[in-house]
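There are 2 protein chains.
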Amino acid sequence: MEKIKNQYICSLGLTIDLIGGKWKLMILWYLIEESKRFTELKKSIPDISQKVLTEQLRELESSKIISRKVYATVPPTVEYSMTKYGESLIPILNDLCEWSKKYASENNIKI
Amino acid sequence: MEKIKNQYICSLGLTIDLIGGKWKLMILWYLIEESKRFTELKKSIPDISQKVLTEQLRELESSKIISRKVYATVPPTVEYSMTKYGESLIPILNDLCEWSKKYASENNIKI
DNA sequence: CAGTATCCTGGGGGATACTG
DNA sequence: CAGTATCCCCCAGGATACTG
Numbered sequence: 002m003e004k005i006k007n008q009y010i011c012s013l014g015l016t017i018d019l020i021g022g023k024w025k026l027m028i029l030w031y032l033i034e035e036s037k038r039f040t041e042l043k044k045s046i047p048d049i050s051q052k053v054l055t056e057q058l059r060e061l062e063s064s065k066i067i068s069r070k071v072y073a074t075v076p077p078t079v080e081y082s083m084t085k086y087g088e089s090l091i092p093i094l095n096d097l098c099e100w101s102k103k104y105a106s107e108n109n110i111k112i
Numbered sequence: 002m003e004k005i006k007n008q009y010i011c012s013l014g015l016t017i018d019l020i021g022g023k024w025k026l027m028i029l030w031y032l033i034e035e036s037k038r039f040t041e042l043k044k045s046i047p048d049i050s051q052k053v054l055t056e057q058l059r060e061l062e063s064s065k066i067i068s069r070k071v072y073a074t075v076p077p078t079v080e081y082s083m084t085k086y087g088e089s090l091i092p093i094l095n096d097l098c099e100w101s102k103k104y105a106s107e108n109n110i111k112i
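Heads up: the sequence lines are chains X and E, in that order. Sequence positions in the first sequence follow our numbering and run 2 to 112. Sequence positions in the second sequence follow our numbering and run 2 to 112.
Structure (structure tokens):
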């Protein structure tokens, strides 16, 4: 990382728009290792409501950060997975996770 | 980056709490190279209102991500700068900026 | 210069119930 | 299973004016 700030136009406003939702980072987190079905995500993040989970998934999908595959089964099977944009975010997710975990431990915050 | 997801407890909820505000990433961005005064930040981010800039600065300060130094001059001089927590975030800010800049260019989004 | 002090609004997020 | 459909509420964020 030898980049200097001014080599970039600041695009962090876009970043916030794309992944700044209250649950989006966590949703992405749970898709890192494998694609997941709707209910699996819901179980991984119990505090999110179904409605909001659906909304955030739709937004991530329309941003092409995740993709949604529907299998014509009964009952329906839907799988969410990372796209290339999502995958290029994985190292950053890991870094953010490390960062806040360190922050939490140094400030006696329970996660 | 050879870490596996499950080595971490997911702390991305904390991440959102700490730096998920609408303008926080941009504020931090403009503090990367040098400390800045209130009005300099306001000029760098014209779309933010004074009230909100103050609020987000206070939150970042109480999270110990930035620090605020007041010099007893007339008129007052106040300087905001990165703390160690802020500085440990710089590589991530750069990565996020690169990520969204690439995203923007591939999707014809003007920044 | 670096803020307060007010007032206000929208929409992000939540709770609950229903369904192809 | 994977969602809609409603209804609702709060507060993050904004607009404007004033000040030590």
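Every residue gets a Cβ at the ideal spot worked out from N, C-alpha and C, and that includes glycine. Just so it is clear, the structure is predicted and the values come from calculations on it, not from any experiment.
Under the three-state DSSP convention, the category residue i falls into
{"i": "Ser89 (chain E)", "result": "coil"}
{"i": "Leu97 (chain X)", "result": "helix"}
{"i": "Ile17 (chain X)", "result": "helix"}
{"i": "Val75 (chain E)", "result": "coil"}
Residue i versus residue j - alpha carbon distance
{"i": "Ser39 (chain E)", "j": "Leu42 (chain X)", "result": "Per the sequence shown, the amino acid found at residue 39 (chain E) is Phe instead of Ser. In a straight line, the C-alpha of Phe39 (chain E) is about 42 Å away from that of Leu42 (chain X)."}
{"i": "Lys23 (chain X)", "j": "Asp18 (chain E)", "result": "9 Å"}
{"i": "Asn7 (chain E)", "j": "Lys111 (chain X)", "result": "Low local confidence applies: a pLDDT of 47 at Asn7 (chain E) is under 50, so the model's placement there is unreliable, and no value is given."}
{"i": "Leu121 (chain E)", "j": "Lys70 (chain X)", "result": "Since the first and last residues shown for chain E are 2 and 112, residue 121 (chain E) lies out of range."}
{"i": "Ser89 (chain E)", "j": "Trp100 (chain X)", "result": "8 Å"}
{"i": "Lys65 (chain X)", "j": "Tyr86 (chain X)", "result": "7 Å"}
{"i": "Tyr1 (chain X)", "j": "Glu60 (chain E)", "result": "Outside the modelled stretch of chain X, which goes from 2 to 112, sits residue 1 (chain X), for which no answer is possible."}
{"i": "Cys11 (chain E)", "j": "Ile20 (chain E)", "result": "16 Å"}
{"i": "Asn109 (chain X)", "j": "Leu15 (chain X)", "result": "32 Å"}
{"i": "Asp48 (chain E)", "j": "Met27 (chain E)", "result": "11 Å"}
{"i": "Glu34 (chain E)", "j": "Ile91 (chain E)", "result": "10 Å"}
{"i": "Val75 (chain X)", "j": "Lys44 (chain X)", "result": "21 Å"}
{"i": "Lys102 (chain E)", "j": "Gln51 (chain X)", "result": "32 Å"}
{"i": "Tyr1 (chain E)", "j": "Leu58 (chain E)", "result": "The structure shown does not extend to residue 1 (chain E), since chain E is modelled only from 2 to 112, so the question has no answer here."}
{"i": "Ser63 (chain E)", "j": "Val79 (chain E)", "result": "16 Å"}
{"i": "Lys25 (chain X)", "j": "Glu56 (chain X)", "result": "10 Å"}
{"i": "Ser106 (chain E)", "j": "Ile46 (chain E)", "result": "22 Å"}
{"i": "Ser36 (chain X)", "j": "Pro77 (chain X)", "result": "16 Å"}
Beta-bridge pairing of residue i - partner residues as DSSP gives them
{"i": "Met27 (chain E)", "result": "According to DSSP, which records beta bridges pairwise, Met27 (chain E) is partnered with nothing at all."}
{"i": "Arg69 (chain E)", "result": "E:Tyr81"}
{"i": "Asp37 (chain X)", "result": "In the sequence on display, residue 37 (chain X) carries Lys and not Asp. X:Tyr81."}
Cβ-Cβ distance between residue i and residue j below 8 Å
{"i": "Leu32 (chain X)", "j": "Ser68 (chain X)", "result": "no"}
{"i": "Leu94 (chain X)", "j": "Leu29 (chain X)", "result": "yes"}
Residues of the segment 55-68 of chain X whose Cβ lies closer than 7 Å to any Cβ of chain E, in chain order: none
Of all the residues that make up the segment 35-57 of chain E, which are near chain X by a beta-carbon distance shorter than 7 Å? none
Please identify, using Cβ separations under 9 Å, the residues of the segment 75-101 of chain E that lie next to chain X, in order along the chain. Cβ contacts with chain X: Tyr86, Ser89, Leu90, Ile91, Pro92, Ile93, Leu94, Asn95, Asp96, Leu97, Cys98, Glu99, Trp100, Ser101.
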